[in-house]
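**Q** Below is one structure. I have some questions about it.
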């Protein structure tokens, strides 16, 4: 395929990137993915499912209400209503592509229950294998689509504006250091999250906010960077050795929230069910459960999830297999768990069509801040958000008439961070489940020094999270300040802009906005 300026570049091989590329057909798309298609995407590790109001007792407005309640005052009502209303079509689209969702005895879609949902509305596949099954379906469809050209083994190195500042292309780089300029009339970032910046994470280690850095360096506005969701029940059994990479611990396997939806309970080392008196108990919002587990561990306790459920091998084959790979039989022995960085609610600020603040740039999935998740994402809304916005982004780009000019030449490649292990440990320790000014100030000073020294994406994104967390002097959703434990009277978004001068610490303006 020739890379003409009529081409559309999509970056990312998870559900957001694949769905956007497919929704753009038959327009010409170049899909840039760092790994072989379908590999190393967080989508494939998603155990829960896709939230959709499909039950006889359910409606999209009820789904939106649950979303807004979880978002702790920062979810936008119109966005929540629109995404919830889009869910049935998204499921129908996936079914049309051949996704083998689990069915009930009557042949309808089986619906599970997860934390903070008022109804059973979680569509799943192969029990807890939803992400992997959806990813396989989309990968097969992309390979069969003649309008999509897949570039495997290439990373997005730099967004390339034209003379007017409109994004007009992308510099892609391979493992051998070669650079390829891809002209484009539109670039869609679908690069995923940033859990890999933390030592304890459920994410692929490549999820370090690279798309956020790409957008920040061309002046795009980032929003709510401080809101990192820590999944309460990562398995404290050590990471999968096959996923181990340099730079610190491997990702932690996940004990899906759906286990608690089916009756699994949390206990400390003294045998106390410490969530029993908390509203919602084990199905309280994720931030509440994560902090409760963190408090037990900080007090020297171990925490286990008693998932000795009937038919656990059939209903949750992925969890059962992960446990047994680490010498644990979940049908007999409770699972040791702890919180781990799981999902980023913040990201590139986008509008209803997925447009970033810089012309010619769109963002989809976890890299974007759409206004859906607010301060705390509702379970199983992530795949839904990506599917809904993929459709709206494709519709917007298809109707876009603006023609970019010539993209400027790429800059030299940036170095990889030699301090990755240090950054991951620092983020765990000082920018994690519980934060305070002293720890955040120390983290910001060190990350600023690393950014000035290396100019790498990891320290830049970590610094943006830290600066936004330092300026949010309240506790809300996934952001908890021990020195400011109450929420502020007024819920406000944070907004981050980036300015870089070689050889000095980057200037990151993080401020509260209405």
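In this note's numbering, the protein residues as written are 2 to 515.
Here a beta-carbon is modelled for each residue, glycine too, at the ideal position from N, C-alpha and C.
This one's a predicted model, so the numbers in the text were calculated from it and none came from an experiment.
Taking the beta strand (DSSP E) that residue 231 belongs to, which residues open and close that run?
**A** First-last of the beta strand (DSSP E) with residue 231: 229 to 236.
**Q** Distance check for residue 206 and residue 430, CA to CA, integer angstroms please.
**A** Using only the alpha carbons, I get a separation of about 18 Å.
**Q** Roughly how many angstroms lie between the CA atoms of residue 371 and residue 383, to the nearest whole one?
**A** Going from the Cα of residue 371 to the Cα of residue 383 covers about 11 Å.
**Q** Is it the case that the stretch 353 to 369 contacts the stretch 187 to 202, given that we only count it when at least three CB pairs across the two stretches are under 8 Å?
**A** The answer is yes - the stretch 353 to 369 touches the stretch 187 to 202, with three or more Cβ pairs under 8 Å.
**Q** What does the alpha-carbon distance come out to for the pair residue 516 and residue 280?
**A** This structure cannot settle anything about residue 516, because the visible part of the chain is limited to 2 through 515.
**Q** Does the pairing of the stretch 158 to 166 with the stretch 399 to 409 give three or more beta-carbon distances under 8 Å?
**A** With the cut-off at 8 Å, the stretch 158 to 166 and the stretch 399 to 409 touch.
**Q** Do residue 265 and residue 306 have their CB atoms nearer than 9 Å?
**A** Cβ distance < 9 Å, so residue 265 and residue 306 count as in contact.
**Q** Could you give the distance in angstroms between the alpha-carbon of residue 233 and the alpha-carbon of residue 314?
**A** For residue 233 and residue 314, the distance between alpha carbons rounds to 22 Å.
**Q** First and last residue of the beta strand (DSSP E) that includes residue 348?
**A** Run containing residue 348: 348 to 350, per the beta strand (DSSP E) assignment.
**Q** Going by C-alpha to C-alpha distance, which of 475, 456, 477, 483 sits closest to residue 500?
**A** If we check each option's Cα against that of residue 500, 456 comes out closest.
**Q** Ignore the nearest five residues each way along the sequence and tell me which others in residue 116's own chain have a CB closer than 6 Å to its CB.
**A** If we look at residue 116 and ignore the five residues flanking it on each side, its Cβ neighbours are 258, 284, 380.
**Q** Between the Cα of residue 449 and the Cα atoms of 436, 95, 467, which residue gives the shortest distance?
**A** Considering only alpha carbons, the answer is 467.
**Q** With the cut-off set at 9 Å, would you say residue 169 and residue 155 are in Cβ contact?
**A** Not in contact: residue 169 and residue 155 (Cβ atoms no closer than 9 Å).
**Q** Can you tell me whether DSSP reads residue 335 as helix, strand or coil?
**A** In the structure shown, residue 335 sits in coil (DSSP, three-state: anything other than H, G, I, E or B).
**Q** With DSSP run on the structure shown, which of helix, strand or coil describes residue 268?
**A** Residue 268 falls in the strand class under three-state DSSP.
**Q** Please give me, in chain order, every unbroken run of the alpha helix (DSSP H) with length at least 4 that falls completely inside the stretch 94 to 173.
**A** Within the stretch 94 to 173, the complete alpha helix (DSSP H) runs of at least 4 residues are 131 to 144.
**Q** By how many angstroms is the C-alpha of residue 308 removed from the C-alpha of residue 263?
**A** Taking the straight line joining both Cα atoms gives about 9 Å.
**Q** Please state the DSSP three-state secondary structure of residue 499.
**A** The answer is strand: DSSP assigns residue 499 an E or B state.
**Q** Taking C-beta to C-beta, are residue 1 and residue 151 nearer than 9 Å?
**A** This structure does not reach residue 1, given that the chain is present from 2 up to 515, and the question cannot be answered.
**Q** If contacts are defined as beta-carbon pairs under 8 Å, then residue 122 and residue 55 qualify, I think. What distance do you get, rounded to the angstrom?
**A** The pair is a contact, with the Cβ atoms about 7 Å apart (cut-off 8 Å).
**Q** Classify residue 342 as helix, strand or coil using the three-state DSSP reduction.
**A** Residue 342: strand per DSSP, three-state reduction.
**Q** Taking C-alpha atoms, which residue in 440, 348, 111, 101 lies nearest to residue 211?
**A** Residue 211 has its Cα closest to that of 348, out of 440, 348, 111, 101.
**Q** Under the three-state reduction of DSSP, which class applies to residue 27: helix, strand or coil?
**A** It is coil, neither helix nor strand.
**Q** Can you check which of these residues, 129, 63, 144, 225, is closest to residue 317 by C-alpha distance?
**A** Nearest option by C-alpha distance: 129.
**Q** In whole angstroms, what separates the C-alpha of residue 278 from that of residue 418?
**A** Taking the straight line from one Cα to the other gives about 45 Å.
**Q** Have a look at the DSSP bridge pairing and note the partners of residue 52.
**A** Bridge partners of residue 52: 123.
**Q** Spell out the partners DSSP gives residue 180 in its beta bridges.
**A** In the DSSP output, where bridge partners are listed per residue, residue 180 has 174.
**Q** May I have the straight-line CA-CA distance separating residue 245 from residue 200, to the nearest angstrom?
**A** Model confidence at residue 245 stands at a pLDDT of 45, short of 50, so the residue's coordinates are unreliable; what they give is reported in the following sentence. Each residue's Cα considered, the two are about 12 Å apart.
**Q** Counting along the chain, where does the beta strand (DSSP E) carrying residue 195 start and finish?
**A** Element bounds for residue 195: n/a, residue is neither H nor E.
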